[in-house]
Structure formats: C-alpha cells, structure tokens
Amino acid sequence: MGNIFNITEKIAEAKIKEAFERGEFDNLPGQGQPLDLEDYSRIPEDLRMAYTVLKNANVLPPEVQLKNEIVQIEDMLASIKDEQEKYRQIKKLNFLVMKLNTMKGGSVVFEEHQHYYEKMVSRMTVPPKKEKDGGDG
Numbered sequence: 003m004g005n006i007f008n009i010t011e012k013i014a015e016a017k018i019k020e021a022f023e024r025g026e027f028d029n030l031p032g033q034g035q036p037l038d039l040e041d042y043s044r045i046p047e048d049l050r051m052a053y054t055v056l057k058n059a060n061v062l063p064p065e066v067q068l069k070n071e072i073v074q075i076e077d078m079l080a081s082i083k084d085e086q087e088k089y090r091q092i093k094k095l096n097f098l099v100m101k102l103n104t105m106k107g108g109s110v111v112f113e114e115h116q117h118y119y120e121k122m123v124s125r126m127t128v129p130p131k132k133e134k135d136g137g138d139g
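My numbering numbers the first residue of the sequence shown as 3 and each following residue consecutively.
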C-alpha cells in the first residue's frame, strides 16, 4: 500500500516540475503577496473544513459572535444613565460571559471577568467577629 503512495507522489512531483519548467506557475493571481495562513491548530481536525466554509461565507463562529456582543455591551454601559437599564445590561453581560466561559469548558461559578465580581464577593463575605473584651485586665 505504501508503495502505491510513493509512486503517486513521484508522478505528482514530476508533473509539477514539468509545469514549473513550462512557466505554468508564472503570473498566478496573488503572486508575490503573503499567504493567508490560518492557525487551525486549536480547532479539532473534523471541524476545520466547516470553519473554513463559514469563514468564506462571512459567518462567525458562536464564540466570536458572543465576544463581539460582550464588547458592544461593555462599550454601551459607559453611556447608560438609567440605573435600572444599566443593571439589566450588566446582568445580560454577565450571562454572556458565563455562556462564553461554558463554551470554552470553563467554570460557570463567578468568573473573574464578570462585571462587579469583587463587589459581589465582598457583599457575600462575612466580616470576622470582633472579640468582646472580657475585662481580664
């Protein structure tokens, strides 16, 4: 079986060499321009073709769509004056962050990237009890 591949490879190399010598590779579209090499190493092999088709159709993967929506809400938050609307948008933002973290296999417990994370933690943390002076002095 391996022998067939070697023969096929040698025939292909010979055909490419002949075409190159005849100048068939001269003046091809994109000649002299850098190649657009995508890093598909983090995408499972069986999904790479689908991602390429989606990219060529200008369709974003769900993770990228979520990230874009998160950035939009973050930008919008600065201009919202109404506190109730701001709170609604923060809840939506935190939900999207949680959804994104879940898609990446992260924990759904409070993520540090969620807004007002420290405030929530400080509200939930009970301050240490003060010891009463027993008057032993």
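Ideal Cβ positions, reconstructed from N, Cα and C, are used throughout, including at glycine.
Residue 18 carries a helical assignment under DSSP once its states are collapsed to helix, strand and coil. When C-beta atoms of the stretch 41-54 are compared with those of the stretch 68-85, fewer than three pairs fall below 8 Å, so the two segments do not count as touching.
For residue 77, the enclosing alpha helix (DSSP H) covers residues 64-79. Residue 48 carries a helical assignment under DSSP once its states are collapsed to helix, strand and coil. For residue 86, the enclosing alpha helix (DSSP H) has its first and last residue at 85-105.
Nearest to residue 100 by C-alpha distance, out of 81, 72, 55, is 72. One Cα belongs to residue 11, the other to residue 92, and the distance between them is close to 58 Å. Of the other Cβ atoms in all chains shown, 16 or more fall within 10 Å of the Cβ of residue 95; this residue is therefore buried.
Per the coordinates, the alpha-carbon of residue 59 lies some 18 Å from the alpha-carbon of residue 70. If you compare the alpha carbons of 89, 26, 52, 65 with that of residue 105, the shortest gap goes to 65.
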